[in-house]
Amino acid sequence: MSMISVEIGSEEPHEYANGISVGEVILNVHGKRSGAVAALVDGIERDFSYELETDCSVEPILGDSDAGLYILRHSCAHLLAQAVTELFPDAKPTIGPPIDHGFYYDFYMDPIGDEELRVIEKKMNEHVRANHKIVREEFDNAGLREVIADNKFKLEIMDEKIGEEVGSSAYRQGDFIDMCRGPHAPSTSHLRFFKLTSTSQAYWRADSKREPLTRIYGMCYATKEGLKARQQQIQEAGKRDHKKIGKEMELYMIDELIGKGLPVWLPNGEILKSEIERFAVETEETYGYDRVTTPVLAKQQLFECSGHLPHYADSMYPPMEMDDGTYYLKAMNCPMHHLVFRNKKRSYRDLPIRIAEYGTVYRNELSGTLTGLLRVRMLSMNDAHIYCTLDQVASEFADNIRMVQDYYATFGFTNYHFRLSLWDPENTDKYIGQHETWEATQNHLRKILDDLGVDYVEAVGEAAFYGPKIDIQFTTALGREESMSTIQLDFAAKERFELSYKDETGAENSEVFVIHRAPLSTHERFVAFLTEHWIGNFPTWLSPIQVQVITISEKHKEYAAEVSAALKTAGVRVKVDDSDATIGKKIRMHRKMRPAYMLILGEEEATGSTVSIRARNGDQCKGISLNDFISQISEEISNRSGELALVPSEK
RNA sequence: GCCACUGUGGCUUAGGGGUAUAGCAUCCCAUUGGUAAUGGGAAGGUCGGGAGUUCAAAUCUCCCCAGUGGCUCCA
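Just so we're on the same page, the working numbering is the position in the first sequence counted from 1, plus 3.
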């Protein structure tokens, strides 16, 4: 028998009989408990059953590595399909990919509920215990067609994906077989640490005109600890939920009589919102922005001119017929800002012109997508549009990227990254403008980012219909990525709105580039993320209640009033609780409103004109002079500090 | 909009065919208290809305509405 030489890890090459399987090699070198679920053979992912026939290198793929988890989750999706097709013989599996934290599988079948989910989970566990081998089988086209003959969805995939290629593989475990390229875990016992989480409806090929499918989600990990950690993360994220905290702190309300997706800012939330606005107004003053206010509705012709109506109609509220024409609620501010720009003759000396507005726009989001402040139908935006020459685009983008970085630093966000959002050249119908213009402007943005040395990722198909953009992506407590801020380049507006300026030569120049930017997202979204990030314990300058005064007994009412008056004079938001309750109870009650500081006032404090402090993190200190407290908290507020300036001296 | 689940006083919640639990908050009385539950008492809901089944519905059925998770979409 011929021998082959196999390099494995940093070890000396081993000699094996030709035809030995990957699994045997790993077993030989790393033993039974290697933790491997597959291997890289000369850099290509292979199953344990793959037979080695030439000299090669073998590197185990461990179950808790990214690649290993991907394989486990993929195998777990097969396990799900095995259980489902067994319990529901009419169910047709379609596709079942691994995703972050787990997997899903879409079935053509009747919708199922939670009870069925538990039954399926039980069946899956049975198969785990049975420890079926997961066996790869090779087929030619005709053979494969036979395997999936009664599944039109699989046949459709096969026709599309395999095309000219001859043959492909399927994986068998017990009685179940599924067309798949693999690789997979060697047996079902590797799939112990999973949990089915939810069901949903999806459409075949994500097309609502095609067959509705039942999607089943699960999570899957290599170890018990991994699964547990994820469950804990979900639980922790629940504690940060802005909907829960928003209710506790009375930030906003949603009343069904007003309508869903239409939040009302309650006094405490309004404070957050106006502090954010104030910060933005100050910042934009230094960057040279001009503020305007535009109407919430406008004539149909305006949105036809902007191109929104043909491209964006689904996202706009339905039209209103008036006696003098058809009106729409605005879903964006840009068309009106363009008209502001056009309102008078502009000179090259005036550019760039930056028009800013705190406006509300209205978008007709699908009712099922609305949730808390994260997805609403009325959006308050710190919006602005910059009108400039091509030469000025780079510095304007740079300014905005810097602005975003400064804002995020002040608000304490670090969990974000930049994304260059490009058009999809395969699907050009969605966009306006010429192919060359898109490519040129996209390259322009890429160069700006490269020159700035900013880390970013690229995303095809995420551009706005009028141009490419730089999005700032935020990672939530659940580990999910959400769009937060955006800086967009628009090369279409100049033609649609006939924007122009008088250039150095005295000629009317129509090369006006427009930048749409909203560095603070929408107030709704921003407050939702802020709440989650700080778990409601906002930095003092944002805190709706900056100081909650609590008296020890009714004897100290007068001193409490004095302290409160002094704080108010200093511009601090303060509330007093001088009610007849124990100190412990008052602290417990006010904790839920998360004041930045609680001041405990009793005999000692009244006599010495001092305060005792209990900060939002629970730390406390005594005997601080009232004047010191006022000057320190004032500084903390005016600096917009995220730290507690009044570091406790004792506990 | 689509699929699943959920909907009980301000909040959290028990119950699940014979007209409703409890805690917190609220109000009153006593207590004047030193940093996450002082004691006692009172008031408050017809069980998201509507229709139906039944002698009888919060409890079963249907239709709406809203919330949650997901699809889709997206700031």
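Even glycine gets a Cβ: it sits at the ideal position worked out from N, Cα and C. Remember, predicted model here, so these are calculated numbers, not experimental data.
Spatial neighbours of Ile237 in its own chain (CB-CB distance under 8 Å, excluding positions within 5 residues in sequence) are listed in chain order as Leu481. Distance from the CA of Gly456 to the CA of Arg449, rounded to the nearest whole angstrom, comes to 11 Å.
Nearest neighbour of Gly71 by Cα position, chosen from Glu15, Tyr19 and Pro186, turns out to be Pro186. Secondary structure at Gln437: coil, using DSSP grouped into helix, strand and coil.
Shown here, Val343 sits in a helix according to DSSP, grouped into three states.
Judged by beta-carbon spacing, Leu269 lies within the 8 Å limit of Tyr255, meaning their Cβ atoms are closer than that value. Taking a cut-off of 8 Å on C-beta distances, the stretch 494-512 does not touch the stretch 472-481, as fewer than three cross pairs fall below it.
A Cβ-Cβ separation of about 7 Å places Ile553 in contact with Ile586 under the 8 Å criterion. Classified as exposed, Thr440 has fewer than 16 neighbouring CB atoms from the shown chains inside 10 Å of its CB. An exposed status is given to Glu638, since fewer than 16 other beta-carbon atoms sit within 10 Å of its beta-carbon. Taking C-beta atoms under 8 Å as the contact rule, Ser37 and Pro63 qualify, at a distance of about 6 Å. Under the three-pair Cβ rule at 8 Å, the stretch 355-362 counts as touching the stretch 383-391. Under DSSP, Lys136 forms a beta bridge with Ser190.
The three-state secondary structure of Pro96, taken from DSSP, is strand. Less than 8 Å divides the Cβ of Phe516 from the Cβ of Leu393.
Excluding residues up to 5 positions away in sequence, Pro355, Ile389, Cys391 and Ile518 lie with their Cβ nearer than 7 Å to the Cβ of Glu399 in the same chain. Apart from sequence neighbours up to five positions away, the residues of its chain that approach Leu120 with a beta-carbon distance below 6 Å are Leu199, ordered along the chain. Note on geometry: alpha-carbon atoms of His311 and Glu465 lie some 17 Å from one another. Looking at the DSSP output, Glu360 sits in a beta bridge with Asp386.
No Cβ-Cβ contact shorter than 8 Å links His193 with Gly34. Apart from the 5 residues on each side of it in sequence, Ala599 sits with its Cβ closer than 6 Å to the Cβ of Thr543, Ser546, Gln549 and Arg619 in its chain, given in chain order.
Look at Val299 here: in three-state DSSP terms it is coil, with no helix or strand label. Ranked by how close their Cα comes to the Cα of Ala86, the residues Pro101, Met127 and Asn154 have Met127 in first place.
The C-beta of Val61 has 16 or more other C-beta atoms within 10 Å across all chains shown, which makes the residue buried. In chain order, Ser615 place their CB closer than 6 Å to the CB of Lys625, counting only its own chain and leaving out the 5 sequence neighbours on each side. Per DSSP, Gly587 is one residue of the alpha helix (DSSP H) stretching across Ile586 to Arg594.
Take the alpha-carbon of Ser644 and the one of Val364: they are about 31 Å apart. With fewer than 16 other beta carbons inside 10 angstroms of its own, Pro100 counts as exposed. If the five residues before and after Glu141 are omitted, its C-beta is found closer than 6 Å to the C-beta atoms of Ser172, all from its own chain and listed in chain order. Counting along the chain, the unbroken alpha helix (DSSP H) around Arg405 starts and ends at Leu393 to Phe414.
Contact between the stretch 485-493 and the stretch 284-301 is absent: fewer than 3 CB-CB pairs across the two stretches fall below 8 Å. Annotation: the continuous beta strand (DSSP E) that includes Arg617 extends over Thr613 to Ala618. Beta-carbon to beta-carbon, Met406 and Pro522 are separated by about 5 Å, close enough to satisfy the 8 Å threshold. In the assembly as shown, Ile257 is a buried residue. Its beta-carbon has 16 or more other beta-carbons within 10 Å.
When secondary structure is reduced to three states using DSSP, Glu15 falls in the coil class, being assigned neither helix nor strand. The way I'd put it, the stretch 318-327 doesn't touch the stretch 342-352; fewer than three beta-carbon pairs between them come closer than 8 Å.
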